[in-house]
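Residue numbers (my numbering), protein chains in the order written: chain A, 1 to 429; chain B, 1001 to 1413.
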């Protein structure tokens, strides 16, 4: 321990104060147990706090044999000052769907990562992977060997790969879930291992699965293919429980508003009048819903979870094309398939995936996300010509307001080849 | 129980057997031969099957849950149609964690939760227990765990009409493109917002997200409040490095405004090289060129800082999902505690808390009262930077005579 070099970190020390967990304290506690790289990481971060600029170099291509993703190269630009983090590469490790773990797994993983790397992790990265932060190039292959042989773990996606699919907790805990989100995520991950590890796409591709339209995994904002649970029968109503909400025995929204006095629960004001389609009403003591008019926004179910439940004929709404703003601006996923049954082995879904990927791999430009290609070549083209589906009003928020559809030649009687001579016979120039 | 019969042959289905064996630190050194990388190699096996990590109560009640209730911020009671009851305790983590902390998590899992735990999409940690006695002990235990500097290791909260954990990116801790730090800003903002982390006093849930550059690994663009690192100076061009480290045509193509043009330039030694020139007035500071080309860095102490966007959401509840809108175009990086960011977040949250109706998300409140009123009530200046001049800008133009009189119009009269 005598060799340990601690750097002065007066600015970072300010981040030990306050009630929220301090990452500085955690890193320093680990450093104090004899881990130089944690001191060096804090030292370099302090330097960034002084310079207001990062001290990590751009890129560096590293990886494991046979895979084109899962490892992100990272080199310090101040290796003399911070030699133990001179190389400090990241591994993305594919998390178990919905991120349940047990202690035996966590401890063994800690043993491995203490031995092979820094002992620093992200639980989890934004995409969902478990992130192992900080090891040297020579440890990458042994780490992968350990992960695959001693944990049955595998690397996640990076670069122009399928990114690690992720999902909400689904049926494991949530009564709203219309989908077996974990099973779908596990199956897609296993089915598309090749796409996940070997870059063959124009750019990244993301699947995310949420069990209901509350969309806890943010599929509609982040995924190229957003799989979001829904139902096509009726909301299940327990009229007794409705009365219990009205009578105040049950707390609205499962107690989510408990620290403020909002007054007595008013079903008319808080549920019926807030319904976006106004498809609910009280008929005496009975709550009625015109389910055909319902857009399944989840509000009434969220407010009265003990009284209302999604229907039983469940499946997924499939939307396409979300991405963050780089480059053409942010996009949200747009409705493509209103309803699809999602049951093992998910063949209808996989058939759709093939059509979508074939088109994108053929037509997509370098670093063009699926959502951008849909914009460039047209939503109608994608729906009709690529996926072979019928256009329906649900595909648009409102019909276009310009009169410029691209008519196809075969849609116009007589086609586009015609005689100018005949035209001029009728009309003098 | 879950039907997993179809997955029994998957390699990831025998994790328990593997976990029975202690970690062997010499296995890879013994078996892996860099000259024969394919020998004994396992690839494409994917993650372990999730069901193997479930607590027993979840295995038994998978898909059978009937309802849930928040007993207090961070404590959820679940009831199953089998009659089983389960309590979940949610705690914050800073996402960036060491194995020291993970080992502590494993110990807590063993002590209270049959060895199981779960992380949420927003970096919180969840504990599952099946009796009220253990629940009480667990809550007390967690409340007493503190870091040396006094912060909670596992503060309970993050449910219901409050502010849950901030999803965020790496920042200066581990990334080459950031315009600000992520972990430090999240720590500072959550310290300041802590009263909303462990309470249910807001009009609806409020989600804060943080991304340290425009690449938005954190996908913050649909958040009630988005904190975004931005650059404001065009990139350098390192003529002496550029041909060696990047494909010049890719750097040119990367620019969304076509501000980057090819140029042949003469180096100090008289050598002519193919490089690029940037039309600075067309630069939108997205950093996409630097992503493609290491010889075009744009980080800068004075140029970089934070933008705040607000009013986005993901849920389909009542209204459609929506994008966050640019409210404050730039705040300097004030280190170490990002004081102005914290102050402005608080102004927005407090105005929302005061003005919004029950169930109304921040963006829905702003839309109802009007954005002119939003700026007024948050006591924030409206600047030209909030008027869109990028693609689809027209979507945000105000094509109606319906507007509200506000401080903005008053001063024109």
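For each residue, glycine too, the CB sits at the ideal point set by N, CA and C. It should be emphasised that the depicted structure is a prediction, and the values quoted were computed from it without experimental measurement.
Alpha-carbon to alpha-carbon, residue j and residue i
i	j	result
residue 415 (chain A)	residue 1324 (chain B)	47 Å
residue 1107 (chain B)	residue 1176 (chain B)	35 Å
residue 1241 (chain B)	residue 1295 (chain B)	6 Å
residue 72 (chain A)	residue 99 (chain A)	22 Å
residue 1237 (chain B)	residue 90 (chain A)	28 Å
residue 1383 (chain B)	residue 1301 (chain B)	23 Å
residue 1153 (chain B)	residue 1097 (chain B)	11 Å
residue 251 (chain A)	residue 1073 (chain B)	14 Å
residue 1357 (chain B)	residue 1408 (chain B)	24 Å
residue 1377 (chain B)	residue 1196 (chain B)	20 Å
residue 1381 (chain B)	residue 1343 (chain B)	14 Å
residue 259 (chain A)	residue 1071 (chain B)	11 Å
residue 1080 (chain B)	residue 321 (chain A)	36 Å
residue 1109 (chain B)	residue 1200 (chain B)	27 Å
Buried versus exposed, by CB contacts within 10 Å (16 or more), residue i
i	result
residue 426 (chain A)	exposed
residue 308 (chain A)	buried
residue 1374 (chain B)	buried
residue 1061 (chain B)	buried
residue 1039 (chain B)	exposed
residue 429 (chain A)	exposed
residue 1266 (chain B)	exposed
residue 1174 (chain B)	buried
residue 222 (chain A)	buried
residue 1328 (chain B)	buried
residue 396 (chain A)	exposed
residue 1033 (chain B)	exposed
residue 1390 (chain B)	exposed
residue 1075 (chain B)	buried
residue 82 (chain A)	buried
residue 1405 (chain B)	exposed
Limits of the unbroken beta strand (DSSP E) element including residue i
i	result
residue 1263 (chain B)	1260–1266
residue 1072 (chain B)	1065–1072
residue 102 (chain A)	100–102
residue 1273 (chain B)	1272–1278
residue 339 (chain A)	334–340
residue 132 (chain A)	130–133
residue 227 (chain A)	225–231
residue 90 (chain A)	90–93
Beta carbon of residue i nearer than 8 Å to that of residue j
i	j	result
residue 1121 (chain B)	residue 93 (chain A)	no
residue 1312 (chain B)	residue 1226 (chain B)	yes
residue 1287 (chain B)	residue 1231 (chain B)	yes
residue 1082 (chain B)	residue 1064 (chain B)	yes
residue 379 (chain A)	residue 360 (chain A)	no
residue 456 (chain A)	residue 191 (chain A)	With chain A represented from 1 up to 429, any question about residue 456 (chain A) goes unanswered, as that position is not in the structure.
residue 1088 (chain B)	residue 1051 (chain B)	no
residue 306 (chain A)	residue 241 (chain A)	yes
residue 376 (chain A)	residue 313 (chain A)	no
residue 331 (chain A)	residue 1027 (chain B)	no
residue 1235 (chain B)	residue 1297 (chain B)	yes
residue 1011 (chain B)	residue 96 (chain A)	no
residue 179 (chain A)	residue 1335 (chain B)	no
residue 1166 (chain B)	residue 1208 (chain B)	yes
residue 1352 (chain B)	residue 274 (chain A)	no
residue 33 (chain A)	residue 1149 (chain B)	no
residue 965 (chain B)	residue 1158 (chain B)	This structure cannot settle anything about residue 965 (chain B), because the visible part of chain B is limited to 1001 through 1413.
residue 1299 (chain B)	residue 14 (chain A)	no
residue 165 (chain A)	residue 204 (chain A)	no
residue 1015 (chain B)	residue 123 (chain A)	no
Supposed close pair residue i, residue j - CB separation, criterion 8 Å
i	j	result
residue 1271 (chain B)	residue 1264 (chain B)	Between residue 1264 (chain B) and residue 1271 (chain B) the Cβ distance is about 11 Å, and since that is not below 8 Å, they are no contact.
residue 118 (chain A)	residue 133 (chain A)	6 Å
residue 1229 (chain B)	residue 1211 (chain B)	7 Å
Start and end residues, alpha helix (DSSP H) containing residue i
i	result
residue 1106 (chain B)	1099–1112
residue 303 (chain A)	299–303
residue 363 (chain A)	347–363
residue 217 (chain A)	Unbroken run through residue 217 (chain A): none, as it is neither H nor E.
residue 376 (chain A)	370–377
residue 1057 (chain B)	1056–1061
residue 190 (chain A)	181–191
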